[in-house]
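Chemist: The sequence shown begins at 1166 in the numbering used here and counts up by one. Note that the Cβ used here is the ideal one computed from N, Cα and C, for glycine as well. Owing to the predicted nature of the structure, the values given are computational and were not obtained by experimental measurement.
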Amino acid sequence: MEVTAPASLYGMAIVELAALSRKHDGNFIYFVEMFRVQLMLCINYVVICLLLWQIWEMTEEKAMADCSGKLTRLEAICVFLFEVSMLAELRNSLSILSLLWAAPAPPPPP
1166 MEVTAPASLY
1176 GMAIVELAAL
1186 SRKHDGNFIY
1196 FVEMFRVQLM
1206 LCINYVVICL
1216 LLWQIWEMTE
1226 EKAMADCSGK
1236 LTRLEAICVF
1246 LFEVSMLAEL
1256 RNSLSILSLL
1266 WAAPAPPPPP
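#1: Do you know offhand how far Y1175's Cα is from A1183's?
#2: Measure the alpha-carbon distance for T1237 versus Q1219 and round it to whole angstroms.
#3: Note down the Cα distance separating L1216 from S1250, rounded to an integer number of angstroms.
#4: Please state if the CB of V1212 and the CB of I1242 are separated by a distance shorter than 8 Å.
#5: For the alpha helix (DSSP H) that contains L1259, what are its first and last residues?
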């Protein structure tokens, strides 16, 4: 049975930490990658907690219909997440485009 890691930050953390080796990668690469993976997970958790906290504040204040400037943090986080997802889609599209560009053309029919 073959198990694949999820294609997300959590999957990257699982696979990268499992693939690191101090013996083969060296101390510097090993500790830098360990720090980077842990930092990315912490940033992810902080953003999720911020979003949940902002949503909780909105429901407590019943400010869902009121756009009085109290939601600027939530709006900034939503715009940031939208931009990150759009850049990821753009990167995937460019990857597919470069793959199609590099693919060999079919031979002409005889």
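Modeler: In short, the structure shows the following:
#1: Looking at the two C-alpha atoms, the distance is approximately 12 Å.
#2: Answer to the nearest angstrom: the Cα atoms are 10 Å apart.
#3: The straight-line gap from Cα to Cα measures roughly 16 Å.
#4: When the beta-carbon positions are compared, I1242 and V1212 come within less than 8 Å of each other.
#5: For L1259, the enclosing alpha helix (DSSP H) begins and ends at 1237-1267.
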